[in-house]
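**Student:**
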Amino acid sequence: MKVLVIGATGNLGIRVIPALLSHNLAVIAFVRSSSKLSSLLPSSIFDQITVVEGDAMSADSIKSAILDHGCDAIINTAGLAAMMPWKSSDLPAIVTAVVRAATEAGQMRQNPLRVWFLGGLGLMDIPGTKSMIVSYLPVYREHLKDIALLKTIPSKVIRWSILCPSYMNPRSTELIVPVKGGTSAGLAASATVPPHWKDFWFRRVPVLGPFIVVLANASQYTTTLEDNAEFIANDLAVGSDEWVCKKVGVWDAAQSKA
Ligand SMILES: NC(=O)c1ccc[n+]([C@@H]2O[C@H](COP(=O)([O-])OP(=O)(O)OC[C@H]3O[C@@H](n4cnc5c(N)ncnc54)[C@H](OP(=O)(O)O)[C@@H]3O)[C@@H](O)[C@H]2O)c1
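Take 0 as the starting number for the sequence shown in numbering that gives the first Met the number 0 and just add one per residue.
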């Protein structure tokens, strides 16, 4: 499988590359600057990948990269959601461009692409309700535009998933090169609602109850960039349909061992 990694110079992107290589997947890195990417990656990794320079807001550039290199899958890590609701970023325009490129390329190759997008914890539903976490914790609201768009796309057009982590910290400032065929054991995952959500009796207290439950839970969902990179790489390597057309929450399984 050939995977187009859009935003490969970012915190997650540079960790996704060695994770994919460890699963024997071919990497096409889509970046604004090839020299920046080569400065971030050890030559032993950089020499194994193909690099395409382009702007992730250009659907035509992404589509060309997909078709020129015969990509089967995309991981979009490009763009960074604005934290505050009154701020904006390029992320919604980038997601729109990736969706258009994947749709058109999928039609041309007569086979839908597998695409992972990045959202945030706020997109997950609060268990037992139909409300998203972002309704009570109004940060990174730009991801709402992305999920609204993705929900209109059937799996026969794009086999999409959106990973919804909370903060992702580096396990190491050094780039860790995973062992071949690494495992995704580091994360527990679930669709629609976050894994390991803790319920509290005061959830039923009007207005303030759900707000406090969300606050009490939110800090439990920090994960590592390396584990999220490995989770996506492993899913592509396995080729399962488990997360297709779903929002996916993750939880650091090491917490249960601590
Ligand atoms: N980090 C977290 O804790 C966290 C938590 C939840 C969700 N997320 C989401 O996960 C994604 C990845 O996060 P991150 O921390 O890896 O972000 P990041 O380090 O800021 O990386 C963003 C990447 O996007 C690239 N980019 C931006 N605009 C572009 C454009 N027009 N064309 C091509 N590339 C472009 C940047 O390239 P340049 O190097 O050229 O600037 C950079 O490689 C983001 O969407 C973020 O919202 C992050």
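For glycine and all other residues, C-beta sits at the position ideal for the given N, C-alpha and C.
1. Identify, in the order they occur along the chain, each residue of the same chain with its Cβ nearer than 8 Å to the Cβ of Leu-39, setting aside the five sequence neighbours on each side.
2. Is it right to say Trp-200 is buried, meaning 16 or more other beta carbons lie within 10 angstroms of its own, or is it exposed?
3. Can you tell me the Cβ-Cβ gap for Ala-187 and Ala-253, rounded? I've got them flagged as a contact below 8 Å.
4. Indicate, with yes or no, if ligand 1 has a heavy atom lying under 6 Å from the CB of Ala-228.
5. Quick check on the DSSP output: what are the complete alpha helix (DSSP H) runs of length 4 or more inside the stretch 34-69, in order along the chain?
6. Excluding the 5 residues preceding and the 5 following Thr-223 in the sequence, name in chain order all residues of the same chain whose CB lies nearer than 8 Å to its CB.
7. Would you mind reading off the limits of the alpha helix (DSSP H) that contains Ile-146?
8. Do Ile-146 and Val-114 have their C-beta atoms within less than 7 Å of each other?
9. Following a CB-centred definition, is Thr-8 positioned closer than 6 Å to any heavy atom of ligand 1?
10. Return yes when at least one heavy atom of ligand 1 lies under 6 Å from the C-beta of Gly-119, else no.
11. Considering only their Cβ atoms, is the gap separating Val-176 from Pro-17 smaller than 7 Å?
12. Apart from the five residues just before and just after Ile-5, which ones in its own chain have a Cβ nearer than 6 Å to its Cβ?
13. Name, in chain order, the residues that DSSP records as bridge partners for Leu-117.
14. Expressed to the nearest angstrom, what Euclidean distance is found between the alpha-carbon atoms of Arg-108 and Val-206?
15. Whose C-beta lies closer than 6 Å to the C-beta of His-22 among residues of the same chain, with five residues either side of it excluded?
16. Quick test of your reading: Leu-148 and Val-192, contact by CB under 8 Å. State the CB separation rounded to the nearest angstrom.
17. Considering only the alpha carbon of each residue, which of Ala-190, Lys-35, Thr-128 and Asp-124 lies closest to Asp-240?
18. Taking the continuous beta strand (DSSP E) assigned at Asp-251, which residues delimit it?
19. Express the C-alpha separation of Gly-69 and Pro-25 in angstroms, rounding to a whole number.
20. Identify every residue that forms a DSSP beta bridge with Asn-75.
21. Is it the case that the CB of Leu-79 approaches a heavy atom of ligand 1 more closely than 6 Å?
22. Using only alpha-carbon positions, find the residue among Gly-127, Pro-91 and Asn-110 that is nearest to Gly-118.
**Tutor:** The answer reads as follows:
1. Cβ-Cβ distances below 8 Å link Leu-39 to Thr-8, Ile-13 and Leu-174 in the same chain, with the five nearest sequence neighbours on each side left out; the list follows chain order.
2. Label assigned to Trp-200: exposed.
3. Contact flag wrong, Cβ pair sits at about 10 Å.
4. No, Cβ of Ala-228 sits at least 6 Å from all heavy atoms of ligand 1.
5. Runs found: 42-45 and 58-68.
6. Within the same chain, and ignoring the five residues on either side of Thr-223 in sequence, the residues whose Cβ sits closer than 8 Å to its Cβ are Met-167, Asn-168, Pro-169, Arg-170, Gly-185 and Asp-251.
7. 142-149 is the span of the alpha helix (DSSP H), which, as asked, contains Ile-146.
8. Cβ distance not < 7 Å, so Ile-146 and Val-114 don't count as in contact.
9. Annotation for Thr-8 indicates a beta carbon within 6 Å of some heavy atom of ligand 1.
10. Between ligand 1 and Gly-119, a heavy atom-to-CB distance of less than 6 Å is present.
11. Result yes, Cβ atoms of Pro-17 and Val-176 sit closer than 7 Å.
12. Taking Ile-5 as the centre and dropping the five residues before and after it, the same chain places the C-beta of Phe-29, Ala-55, Asn-75 and Ala-77 closer than 6 Å to its C-beta, in chain order.
13. The beta-bridge partner set that DSSP reports for Leu-117 consists of Leu-162.
14. Taking the straight line from one Cα to the other gives about 50 Å.
15. So the qualifying residues of the chain are Ala-232 and Ala-236.
16. So it is not a contact: roughly 21 Å between Cβ atoms.
17. Of the candidates Ala-190, Lys-35, Thr-128 and Asp-124, Ala-190 places its Cα closest to the Cα of Asp-240.
18. Start and end: 245-251.
19. The sequence as given places Ala at residue 25; Pro does not occur at that position. So the two alpha carbons sit approximately 11 Å from each other.
20. Looking at the DSSP assignment, Asn-75 forms a beta bridge with Ile-5.
21. At least one heavy atom of ligand 1 is nearer than 6 Å to the Cβ of Leu-79, so yes.
22. Per the Cα distances, Pro-91.
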